[in-house]
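Enquirer: Before we start, here is the structure in question, set down as C-alpha cells.
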Amino acid sequence: MSIETDAANAEAGEDVDALARELGEQIAEMPLYERYREVKAEVEADEDLQEQIREFEKIREEFMLARQTNEATQEDLRTLQDAQEELHDQPKMSEYLEVQSELELRLQELNEIISEPLTVDFGGKAGGCCED
14 MSIETDAANA EAGEDVDALA RELGEQIAEM PLYERYREVK AEVEADEDLQ EQIREFEKIR
74 EEFMLARQTN EATQEDLRTL QDAQEELHDQ PKMSEYLEVQ SELELRLQEL NEIISEPLTV
134 DFGGKAGGCC ED
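Just add 13 to wherever you are in the sequence shown, counting from 1, and you've got my numbering.
Below you can see the structure in the form of C-alpha cells.
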C-alpha cells in the first residue's frame, strides 16, 4: 500500500467515526429517547417501586433455581407470573415498559436502515444496540 492509500483509508475511517458519533448524538436528542430517560429516572427514583422490583427479582431467581433443579411447580410459576403482572400494572412501570418498547422498535428501524447497504445485520453483529 502506498502512503496515499493509507492516508485515504485513515481519513475514511475518521469520517465513519464522526458519522457514528453524530448518529449517537442525534439519537440521544430524539424526543423518544429523552422520554425514555425521564421515565427510567422516575422508576429508579421511586423507592416503593424499586422494592417491588427487588421482590420480583427475588421470586424470579428462586423460580429459575427451582427450575434448574427440576423442583419448580405450577404454583411457583403462577407466583412468578402474578408478581410480574402486579409489577407491570404499576403506572410508572407500565409507562417505562411502553416507552422502552417504542425506543427499541425505533432503534431496530435505524439498525435496518444502517444494515440495508451492508451484508450483515449491523446492530446484531455489533452486539446489539438495544441491550440495557
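A virtual CB, placed ideally from N, CA and C, is assigned to each residue, including glycine.
Do E68 and A96 have their beta-carbon atoms positioned less than 8 Å apart in this structure?
Expert: Taking 8 Å as the Cβ cut-off, A96 and E68 qualify as a contacting pair.
Enquirer: Kindly indicate which three-state DSSP category Q81 falls into: helix, strand or coil?
Expert: Reduced to three states, the DSSP call for Q81 is helix.
Enquirer: What whole-angstrom Cβ distance do L93 and R73 have, given they're in contact under 8 Å?
Expert: Correct: roughly 6 Å between the Cβ atoms.
Enquirer: List the endpoints of the continuous alpha helix (DSSP H) containing R59.
Expert: Note on residue identity: the sequence assigns Asp, not Arg, to residue 59. Segment: none, D59 is in no alpha helix (DSSP H) and carries neither H nor E.
Enquirer: Leaving out five residues before and five after Y46 in sequence, what residues of the same chain have Cβ atoms less than 8 Å from its Cβ?
Expert: These residues qualify, in order along the chain: I40, L116.
Enquirer: Report all residues from its chain with a CB closer than 6 Å to the CB of V133; omit the five preceding and five following residues, and keep chain order.
Expert: If we look at V133 and ignore the five residues flanking it on each side, it has no Cβ neighbours.
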